[in-house]
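A short write-up of the structure that comes next.
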Amino acid sequence: MTFLSLILLIGCKGQEKREGFKWNSEKEKIHNQNRNDSTKLSVKTWNADIENIRLNDRPMVNGVFPVPDYDFADSTFVGLGNSGDWKGIKLKDKTIIHHSLFVTKSAVNQKYIPNKPNEVYFTILGLTDSVDTKKFTHTNVNATSRNHPHYSGQGFIKTKSNTIDFTAFLTADRKEYAIVNMRLFDLKIGRIILIAPQKDGTFRSLQLESPIMSSEEMDVYVKDLLNDKKVMDFFTRAGNI
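Residue numbers for the sequence shown follow my numbering, beginning at 882 and rising by one.
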């Protein structure tokens, strides 16, 4: 079962093509000032977030903060989201959960994805031995644009005795990192992370380089990836759950 979700920007004023978007420290300072300027804050976004406070997100509670109107940073952004397979992909006698975080094309990233509708900035494949096919309590993922023009997402994949917790982000100046159970990954050297929990409670990881892909392209790529000998060996080796 494959899931695809898209979070649309609340209060967006429509598409507006702009060339040469650049982000720097001065713009970051202005962005920070706008966060603390009551005249710049988005009332519509604030009201929407207050009505949907969530206290059970993990690994971190998705806190509600007042944020500037998105147009102060860039008005072309329309949304972000996630895709993947929550039910799990079978690899011999193993089950792999797959999540991807993506952001739609806008002035912020159009230079890097001129012919794609969106850009996947993080993909995780986690080995699990526990799948809830009714309520899907074994995994979850969510993404937020409230740091626009920076984007982040997080989630978890449960096993019978452990949990894979992850968070990842992509900034407007193309800094990109992920943290999985406190292991830091520089996504510039690979946006695909494989995690194999071990029977002894430890973890193993494998970081893979890949071209920039859309969410649709990544979903296909992941299925092909599981036929790669290096990946198969990683997920089926002795010691894995």
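Where is the CB? At the ideal position from N, CA and C, for every residue including glycine.
Being a predicted model, the structure only gives us computed values, none of them experimental.
Looking at the backbone, the Cα of ASN1028 and that of SER919 are separated by about 16 Å. Of LYS1080, LYS973 and MET1063, the smallest CA-CA separation from LEU1107 is found for LYS973. Of ILE977, VAL948, ASP950 and TYR1032, the smallest CA-CA separation from THR985 is found for TYR1032. Listed in chain order, the beta strand (DSSP E) elements of length 3 or more contained wholly in the region 998-1054 are 999-1009, 1020-1025, 1032-1039 and 1044-1051. Excluding residues up to 5 positions away in sequence, PRO947 lie with their Cβ nearer than 7 Å to the Cβ of TRP927 in the same chain. Shortest Cα-Cα distance from VAL1101 to any of ALA954, HIS980, ARG1064 and THR1048 involves HIS980. Distance between VAL945 and ALA1119, taken at the CA atoms: about 44 Å. Distance between GLU932 and ASP938, taken at the CA atoms: about 16 Å. Each of LYS975, ARG1072, LEU1006 and ASN1043 was checked against the Cα of GLY1082, and the nearest Cα belongs to ASN1043. For VAL1112, the enclosing alpha helix (DSSP H) starts and ends at 1110-1117. Note on geometry: alpha-carbon atoms of LEU961 and ASN1023 lie some 10 Å from one another. In this model, SER964 and GLU907 are separated by some 34 Å (Cα to Cα).
Under DSSP, HIS912 forms no beta bridge with any residue.
The beta-carbon separation of GLU1057 and TYR1002, rounded to 6 Å, stays under the 8 Å limit for a contact.
Assigned with DSSP and collapsed to three states, VAL959 falls in coil, not helix or strand. For THR926, there is no enclosing beta strand (DSSP E); the residue is found in the alpha helix (DSSP H) stretching over 924-931. One Cα belongs to ILE970, the other to PRO1078, and the distance between them is close to 16 Å. Non-local C-beta neighbours of ILE1045 in its own chain, meaning closer than 7 Å and more than five positions away in sequence, comprise GLY1007, PHE1037, ILE1038, VAL1061, ASN1062, ILE1076 and PRO1078, ordered along the chain.
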